[in-house]
Amino acid sequence: MSARDWIEKDFYAELGVPPDASTDEIKKAYRKLARELHPDANPGDAKAEARFKAVSEAYGVLSDAEKRKQYDEARRLFAGGAFRPGGGGFGGFGTGGGFDFGDLLGGASGGSGGIGDLLGGLFGRRGGAGAANRPKRGADVETEVHIDFLDAVRGATVPLRLTSPASCGTCGGTGARPGTAPRACPGCGGSGLVTRNQGAFAFSEPCRDCRGTGQIIDDPCLECAGEGVSTRTRTLTVRIPAGVDDGQRIRLAGQGEPGRNGAPAGDLYVRVHVDPHHVFGRSGHDLTITVPVTFPELVMGTTLTVPTLDGKVSVRVPAGTASGRVLRVRGRGVPRRGGGSGDLLVTLRVDVPRDLDEKAKEALEAYAAATKDHDPRAGLAALLEHGKG
């Protein structure tokens with residue numbers, strides 16, 4: 001069965017079921033037609049034999065969930081016969097437009113991304129001859145590193161010891177002993193696939209002689225046993241940029257698993273875990289710190305000396321400042337990638353003493369008597385009354 005035939009046939013019509021038929025309905029229709037059209041029940045009837053093959057062909061596609069999905073997708077693409085030779089011509093591919101139906105089936109020539117890739121599973125092509133030897137980019141690798149809070153803010157260079165697959169250093173990734181080279185597999189002609197015919201169908205499967213690689217290695221490399229890849233432990237130097245956040249990933253291009261058949265290696269992703277600081281916190285590019293203050297300092301105002309990551313700063317507290325207020329110190333936060341830095345956010349919190357001596361108690365009682373007419377909860381009561389109305 002060719003790609004052209006497959007696209008032009010209506011397998012649902014062959015079985016007499018609607019396109020939304022269930023698996024059980026498709027099976028039931030096939031069994032009924034198979035009994036009626038089987039060659040044993042119609043000896044010498046060429047027409048019945050042809051119909052039996054067509055029904056079997058349709059059932060072979062529609063009974064397989066993956067093949068049915070591919071078939072339905074292709075039918076939607078080719079709805080109305082737009083892409084058929086001589087047919088209406090979607091996007092200018094019409095009669096006389098020089099349209100080659102084979103070009104549409106890109107996989108037939110070993111390319112990728114064409115409709116041939118979509119249909120390859122049904123025709124046993126899997127992207128065409130030589131697909132097994134097509135260059136394949138190496139897989140990406142991810143690892144983790146723990147760094148100090150200050151290193152995350154300022155940036156650091158961290159040595160990373162990594163054990164992962166890498167291109168064999170002895171054979172250069174060929175899998176063959178140095179001085180020798182692999183040869184094309186005679187069983188599959190170097191394609192990595194062999195085709196087997198079963199009735200009306202042709203199925204492709206990986207070549208058993210070369211395990212689907214398309215190559216035979218007569219004298220394998222002793223280090224990698226012919227795989228071309230060996231597990232090695234290597235030490236990399238990772239530059240952690242200033243301002244990296246907890247959980248952020250850093251990409252090291254080309255440091256992942258090696259590619260196959262000359263393809264580039266994958267990438268290495270380093271996920272950074274930042275240990276918390278005992279004084280500072282972080283909110284984006286802003287550093288945070290909570291500073292204890294006394295009640296008189298808030299009432300009368302004061303100037304505080306506050307630590308930062310690179311020294312100390314003076315912060316003015318205005319008279320009448322409430323506990324919990326946040327004061328902002330510009331430019332003393334985490335560096336931004338594009339330049340500049342975030343801010344230092346200073347939260348003021350009243351420190352309430354647990355024990356007072358007699359002198360302190362007397363002073364506090366005198367303060368309470370002097371401010372007895374001030375009710376800090378009066379506004380709350382007024383809000384409650386207003387809510388009732």
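Going by the UniProt record's numbering, the sequence shown opens with residue 1, and the numbers climb by one from there. Just so it is clear, CB atoms sit at the ideal spot from N, CA and C, and this is done for glycine as well. Just so you know, these numbers come straight off a predicted model, no measurement behind them.
Could you pull out every residue in the same chain whose Cβ sits closer than 6 Å to the Cβ of residue i, ignoring the five residues on either side in sequence?
| i | result |
| --- | --- |
| residue 62 | 11, 26, 68 |
| residue 152 | 244, 274 |
| residue 194 | 188, 207 |
| residue 379 | none |
| residue 298 | 321 |
Tell me which residue opens and which closes the alpha helix (DSSP H) that residue i is part of.
| i | result |
| --- | --- |
| residue 23 | 23 to 37 |
| residue 151 | 149 to 154 |
| residue 56 | 46 to 62 |
| residue 299 | 295 to 300 |
| residue 359 | 358 to 370 |
| residue 41 | Counting along the chain, residue 41 falls outside any alpha helix (DSSP H), and DSSP gives it neither H nor E. |
Please report the straight-line C-alpha distance between residue i and residue j, rounded to a whole angstrom.
| i | j | result |
| --- | --- | --- |
| residue 162 | residue 233 | 6 Å |
| residue 217 | residue 262 | 17 Å |
| residue 360 | residue 276 | 38 Å |
| residue 347 | residue 368 | 26 Å |
| residue 372 | residue 358 | 21 Å |
| residue 157 | residue 148 | 12 Å |
| residue 196 | residue 205 | 8 Å |
| residue 322 | residue 339 | 34 Å |
| residue 272 | residue 150 | 13 Å |
| residue 392 | residue 38 | Any question about residue 392 goes unanswered here, given that the chain covers just 1 to 389. |
| residue 230 | residue 266 | 15 Å |
| residue 114 | residue 65 | Confidence at residue 114 is low in this model, with a pLDDT of 42, below 50, so the placement of that residue is unreliable and no value is reported for it. |
| residue 281 | residue 287 | 6 Å |
| residue 95 | residue 337 | In this predicted model, residue 95 has a pLDDT of only 38, less than 50, meaning its place in the structure is not dependable; the value taken from the coordinates is given anyway. Approximately 57 Å between the Cα atoms of the pair. |
| residue 294 | residue 300 | 10 Å |
| residue 296 | residue 365 | 14 Å |
| residue 190 | residue 174 | 15 Å |
| residue 140 | residue 310 | 38 Å |
| residue 343 | residue 376 | 33 Å |
| residue 319 | residue 334 | 30 Å |
| residue 183 | residue 137 | 22 Å |
| residue 76 | residue 21 | 17 Å |
| residue 327 | residue 283 | 15 Å |
| residue 221 | residue 248 | 39 Å |
| residue 23 | residue 71 | 15 Å |
| residue 398 | residue 214 | In this structure the chain extends from 1 to 389, so residue 398 is not present and cannot be described. |
Could you round the C-beta distance between residue i and residue j to whole angstroms and report it? I think they count as a contact, below 8 Å.
| i | j | result |
| --- | --- | --- |
| residue 258 | residue 165 | 7 Å |
| residue 145 | residue 238 | 7 Å |
| residue 192 | residue 212 | 5 Å |
| residue 241 | residue 254 | Rounded, the Cβ-Cβ distance is 19 Å, inconsistent with contact. |
| residue 210 | residue 185 | 4 Å |
Per DSSP, which one or two residues make a beta bridge with residue i?
| i | result |
| --- | --- |
| residue 142 | 269 |
| residue 215 | 184 |
| residue 227 | Note: residue 227 sits in no beta bridge, so no partner. |
| residue 329 | 344 |
| residue 335 | 341 |
| residue 308 | 311 |
| residue 176 | 220 |
| residue 159 | 237 |
| residue 205 | 194 |
| residue 136 | 260 |
| residue 167 | 229 |
| residue 292 | 349 |
| residue 316 | 303 |
| residue 396 | Any answer about residue 396 is impossible in this case: the structure gives the chain only from 1 up to 389. |
| residue 274 | 147 |
Just to confirm my understanding: we take residue i, look at its own chain, exclude 5 residues before and 5 after, and list those with CB closer than 7 Å. What are they?
| i | result |
| --- | --- |
| residue 178 | 170, 171 |
| residue 16 | 29 |
| residue 290 | 347, 349 |
| residue 219 | 176, 177, 180 |
| residue 305 | 312, 314 |
| residue 55 | 14, 15, 30, 33, 34, 37 |
Can you find the residues in the same chain that come closer than 8 Å, C-beta to C-beta, to residue i, ignoring five residues on each side of it along the sequence?
| i | result |
| --- | --- |
| residue 324 | 347, 348, 349 |
| residue 235 | 159, 160, 161, 162 |
| residue 279 | 289, 307 |
So is the beta-carbon of residue i under 7 Å away from any non-hydrogen atom of the ligand ADP?
| i | result |
| --- | --- |
| residue 337 | Looking at this structure, you won't find the ligand ADP or any other ligand, since it has none at all. |
Over what stretch of residues does the beta strand (DSSP E) that includes residue i continue unbroken?
| i | result |
| --- | --- |
| residue 252 | 249 to 252 |
| residue 282 | 281 to 283 |
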